[in-house]
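Trainee:
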Amino acid sequence: MATSKVLAGAQVVLPTGTLTNGRVIVEGTRISGSAPADAETIDLTGHWLVPGFVDIHNHGGGGASFTSGTVEDVLKGIHTHRLHGTTTVVASTVTGEMDFLAQRAGLLSELAEQGDLAGIHFEGPFISPCRKGAHSEDLLRHPDPADVRKLMDAARGHARMFTLATELPGGIDSVRLLAEHGVIAAIGHTDATYEQTVEAIDAGATVATHLFNAMPGLGHRVPGPIAALLEDERITVELINDGTHLHPASFELAFHHAGAARVALITDAMDAAGFGDGRYMLGPLEVEVKDSVARLVEGGSIAGSTLTQDRAFKRSVTVDGLSVEDTVRAISANPAKLLGQYDKVGSLEPGKDADVVVLDAAFDVKGVMRKGEWVVDPF
C-alpha cells in the first residue's frame, strides 16, 4: 500500500495564495486531497512549503557536466540540484559539432525517458558570433532549419527549447519550425535589432534566454531586443538572479515590467554549482571559477553560473523584496507551464507529483521531496 504523509503546520504557498497553518497530503508519489486515518503527520510549524523548483536552463552541477559527461555524471548533476530544491530540470547543451550534439541528445533523451530529466535545451550552435559569450566561435553556425530538425530528431521528442540568434539567415524559418512542433524558440545570444526581435516573436518565439546577458543593451534611441522582449505579453523572460549576471536594478526593472506571470528564474548553472571553485571545461572552453563566479580563462567572459535555485529563491525574497508568492510563480509555476508540464509539477495541488520544498523562516532549504520521497529529510 502507498505510504501516506501529512505535512502539517507550515505556511503553504498555493496558486490562490498562502495558507497559514496549512497542510499538504502526500499519497504515494502524488499530492492528495484527503488523508487516510493512518497517515503519518509531520509537524512543519514555522516553515514554508513551496512547490519543487523547475529549472529550464541548466548545464550541470556537483562537478558534473550535462554537456559532455557520462550518464553517471549527468545523474550526479541532477542529484546535486535536487539537494537544492530543483525537482524538475532541463539539461542544457553548449555549442559543439553537430554530430556531437546529436550524440548528446541521444544520451540525454534516455534520461528524459526514464523521468530523470524534463527534456533538452540546445543553447548553441545557432547563435551570433557577436554575442557568443562562453561558446566556441569556430563551431557557431546559422540556424538552418535542416540542422535544427536534425537535433530535434536526435532528441526523440525530448527537445524542449532552442536558443537562437533569430536575425541570422534561417532564423525566422527555424522559429516557425520549432513552433509548429511545440518546441520553445528562445531568443538569445543575439545581436538583433528591436524590429528583428519583433519579427521573431511574431513568428512564434516565446522565451528570452537570460535577458540582458549576451544581447545589446537597452538604448533610448536604439532600444534593441530587450525592449521588444519585455514589452510583449507572449514572451517569458529568463532571469539569472545570482547578483553577478544582473544588477539588482536590472532585475527589478525586468520583474516589474514583465510581471510575475512572465518571469522564469533560471540558474544557467555549470559544473561548479554546488561544488566549488577551480578549473572546469564548458564544452571545449576552459573556465575558472573564483569566488563562485565562472569566467572563461581566455577573454574573461562570464561562463554560466554556480547558482542553485534555492539561492535564487532566497535572494529574490530577502534582497530584491519579491513576495514569496511571486517568487514561487517565477521559479516553479511559470517554467512548468512553458514546458507543458503544469498538469504534473509547478504547484501544490491534488493530483500533481509530490514535489515539495521545505524552507525555514530565513528561506533556507530544510527539506526536499520528489515524487513522495525525501531527497533531503527535514528532520
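Numbered per full-length UniProt numbering, the sequence shown spans residues 1 to 379. For every residue, glycine included, the Cβ atom is placed at its ideal position computed from N, Cα and C.
1) Could you work out which residue in M215, G171, N213 is closest to A203 when comparing CA atoms only?
2) Bridge partners of Q11, per DSSP?
3) Just mark F251 as buried or exposed, buried being the case when its beta carbon has 16 or more other beta carbons within 10 Å.
4) Which residues does DSSP list as the beta-bridge partners of D55?
5) With a cut-off of 8 Å, do at least 3 Cβ pairs link the region 287-294 to the region 214-231?
6) Flag S323 as yes when its Cβ comes closer than 7 Å to any non-hydrogen atom of the ligand ATP, and as no otherwise.
7) State the CB to CB distance for the pair P51 and G367, rounded to an integer number of angstroms; the pair is presumed to be in contact (CB under 8 Å).
8) Mind pulling the beta strand (DSSP E) runs of 3 or more residues that sit fully within the region 164-209?
9) T209 and T163 - do their beta-carbons sit closer together than 8 Å?
10) Measuring alpha carbon to alpha carbon, tell me which residue in R176, E27, V358 is nearest P143.
11) Given a threshold of 16 other Cβ atoms within 10 Å of its Cβ, counted over all protein chains shown, does P378 qualify as buried or as exposed?
12) Is it buried or exposed for R234, if we count other Cβ within 10 angstroms and need 16 for buried?
13) Would L265 be called buried (16 or more neighbouring beta carbons within 10 Å of its own) or exposed?
14) Can at least three beta-carbon pairs, one atom from the region 103-116 and one from the region 80-88, be found at a separation below 8 Å?
15) Would you call S4 buried or exposed, if buried means 16 or more other Cβ atoms sit within 10 Å of its Cβ?
16) Give me the Cβ distance between V54 and P335, rounded to the nearest whole Å; I'm assuming they're in contact under 8 Å.
17) Measuring straight from C-alpha to C-alpha, what distance separates A312 and G243?
18) Cα separation between R370 and G77?
19) Taking the alpha-carbon positions, what's the V297 to A105 distance?
20) For V289, which residues from the same chain have a beta carbon less than 7 Å from its beta carbon, with the 5 sequence-adjacent residues on both sides left out?
21) Got a sec? Which residues, its chain only, sit under 8 Å from R262 by beta carbon, not counting five neighbours each side?
22) Please say whether S128 and H189 have beta carbons closer to each other than 8 Å?
23) If Q103 and W48 are in contact, beta carbons under 8 Å, what's the gap, nearest whole angstrom?
24) Tell me the DSSP secondary structure of G224 in three-state form.
25) Can you tell me whether DSSP reads T318 as helix, strand or coil?
26) Output needed for G22: all residues of its chain with C-beta closer than 6 Å, excluding positions within five of it in sequence on either side, in chain order.
27) To the nearest angstrom, how far is it from the Cα of L19 to the Cα of A154?
28) Where does residue 389 sit, in a helix, a strand or coil, going by DSSP?
29) For E167, tell me which candidate among G182, R149, R141, H158 has the shortest Cα-Cα distance.
30) Let me make sure I understand the geometry here. Which of K344, K337, D364, D326 has the alpha-carbon closest to that of K314?
Mentor: On the basis of the coordinates in this document:
1) G171
2) W48
3) buried
4) V89
5) At 8 Å Cβ cutoff, the stretches do not touch.
6) The ligand ATP is not part of the structure shown, which contains no ligands of any sort.
7) Not confirmed; about 13 Å, so no contact.
8) 184-187
9) Yes, the Cβ-Cβ distance between T163 and T209 is below 8 Å.
10) R176
11) buried
12) exposed
13) buried
14) Contact between the region 103-116 and the region 80-88 is absent: fewer than three C-beta pairs spanning the two stretches fall below 8 Å.
15) With 16 or more other Cβ atoms within 10 Å, it is buried.
16) 4 Å
17) 9 Å
18) 16 Å
19) 27 Å
20) A272, D277, G278, Y280, T306
21) E233, I235, T236, V237, N334
22) yes
23) For a cut-off of 8 Å, the C-beta gap from Q103 to W48 is around 42 Å, too long to register as a contact.
24) helix
25) helix
26) V12
27) Near 45 Å, if we compare the C-alpha coordinates of A154 and L19.
28) No answer is possible for residue 389: it lies beyond the span of the chain, which begins at 1 and ends at 379.
29) Of the listed residues, the one whose Cα sits closest to E167 is R141.
30) D364
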